[in-house]
Amino acid sequence: MKESTQAQYETQTAAEIRLAEFLAEQIRNSVTYFGYPEIPQNNDLAILGVSGLAKLHLNNAGDPSIHGNSKMHTKEFEKEVLAFVAELYGLQDHWGYITSGGTEGNLYGMYMGRDYFNIQGKIPYFLFSESSHYSIPKNAHLLGLNHKQVSSQDSGEMDYKHLKTVITEIHSSEENYGLIINLNIGTTMTGAMDQLSAVRNILDDLGIADENIFLHADAALMGFLYPFLEIKEDLFKNGLNSIAISGHKFPGTIHPCGVFLSSQSLQDKIFKESSWVPYLEVNDTTISGSRNGFLGINFWYIVKKKGKQGFRQETETCIKNATYLYDQLKSMDYPDVGYNPHQIIVTFKKPVESIVKKYQLATQEDKAHVVVMQHINRHKIDEFCEELKGTF
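Counting from 1068, one number per residue, gives the positions in the sequence shown under our numbering.
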């Protein structure tokens, strides 16, 4: 018995040592985390990690508006997050839920668009640009959607002339169809934003009726910055049907999650036959069944701590720092530097491999980028640029 207890103690000790070593390694990695749109370490959330909430089972199963039988959930916090995001976008009649991330949010928007046309007996066609996130064509495959890829401009923004050509081809070959169009509000590599007004102009020019249109926005990266931009469009007022936003990107929830948002009236129209789950006493309106309730607490706490003014200030700071990085790279004549105004990604020629690995840069062919998040200040930018000197 003593030997068994000793072995158990040694196993536990080894596990704790391994975790401590892993923590130290990840803290080191967080210092030079430049290539991806997350905040690698968020001390704002430390209180949740050490609170009693971290050890509880919190399951937001089913529709967030219905609490159901179980009391072990955070749906009241989830609904406050949804209301906050809906207010940012001027959407009063809102429905949505906290997802596992941008991919699930995009999947739900495409699922909603597909069924919107299915209940009308129309053939849905899904259109997306070649600069779209990898989840977009994957989701189209999962949903069995007829889909067509639209070319992109050099900036990463959608090529509207090609979009018009693609829609014209569908219009001339099909009589009973519906168009699900994905708009990127911040593409993965360049941060480019598709213009809703440009898409609407094409649809109006071609005489496409509103009932044949479903517009979804993938705003995973820019969703919490976009409402504070001078160039923003009033998306939902001008025909947007749904939007997906990541929580672990600009908001900084640490744990991967996101928000899907649409209107309550549209949700009711499309999914009025959504199944009731008797043993849970909730409607099954979400893609996943069990949903991590701790994500709702994470998101809620950040929203309460930062508020609209906090997100506005962070938006302005990150855009200024992105412009600063762009100017620094240009001043040192670094090759192929690019920047789409009003966002937080700076692109440039792929550096030597040692810098790519140290700064964990995302690369595509001969291009790399830095996503200037809240943790990347001007001191870190100066250090990064100094390391680049003499390598090209």
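Ideal Cβ positions, reconstructed from N, Cα and C, are used throughout, including at glycine.
Closest Cα partner of residue i within the set the options
i	options	result
residue 1108	1130, 1332, 1322 and 1354	1322
residue 1365	1336, 1114 and 1100	1114
residue 1425	1083, 1111 and 1101	1101
residue 1165	1415, 1311 and 1305	1311
residue 1341	1084, 1182 and 1104	1182
residue 1329	1098, 1124, 1159 and 1122	1159
residue 1445	1436, 1388, 1072 and 1112	1388
residue 1250	1185, 1198 and 1296	1198
residue 1248	1296, 1394 and 1196	1196
residue 1422	1237, 1437 and 1408	1437
residue 1155	1301, 1111, 1170 and 1144	1301
residue 1147	1404, 1458, 1394 and 1374	1374
residue 1402	1390, 1391, 1412 and 1416	1416
residue 1412	1072, 1355, 1259 and 1458	1259
residue 1218	1211, 1230 and 1192	1230
With 16 other Cβ atoms within 10 Å as the buried cut-off, status of residue i
i	result
residue 1162	buried
residue 1096	exposed
residue 1089	exposed
residue 1085	exposed
residue 1178	buried
residue 1209	exposed
residue 1234	buried
Opposing strand residues paired with residue i [DSSP bridges]
i	result
residue 1162	1329
residue 1313	1325
residue 1247	1193 and 1281
residue 1415	1435
residue 1349	1344
residue 1260	1252
residue 1384	Per DSSP, none; premise fails for residue 1384.
residue 1430	1435
residue 1406	1413
residue 1444	None; residue 1444 has no bridge partner.
Residue i vs residue j beta-carbon contact at 8 Å
i	j	result
residue 1149	residue 1349	no
residue 1264	residue 1176	no
residue 1256	residue 1434	yes
residue 1487	residue 1284	The question about residue 1487 has no answer, for the chain in this structure spans 1068 to 1459.
residue 1369	residue 1319	yes
residue 1347	residue 1129	yes
residue 1376	residue 1099	no
residue 1307	residue 1409	no
residue 1043	residue 1363	As displayed, the chain neither begins before 1068 nor continues past 1459, which places residue 1043 out of reach and without an answer.
residue 1168	residue 1357	no
residue 1203	residue 1442	no
Please give me, in chain order, every unbroken run of the beta strand (DSSP E) with length at least 3 that falls completely inside the segment 1165 to 1225. 1190 to 1196 and 1213 to 1217
What ranges does the alpha helix (DSSP H) occupy inside the segment 1071 to 1123, keeping only unbroken runs of at least 4 residues that lie completely in it? 1113 to 1117
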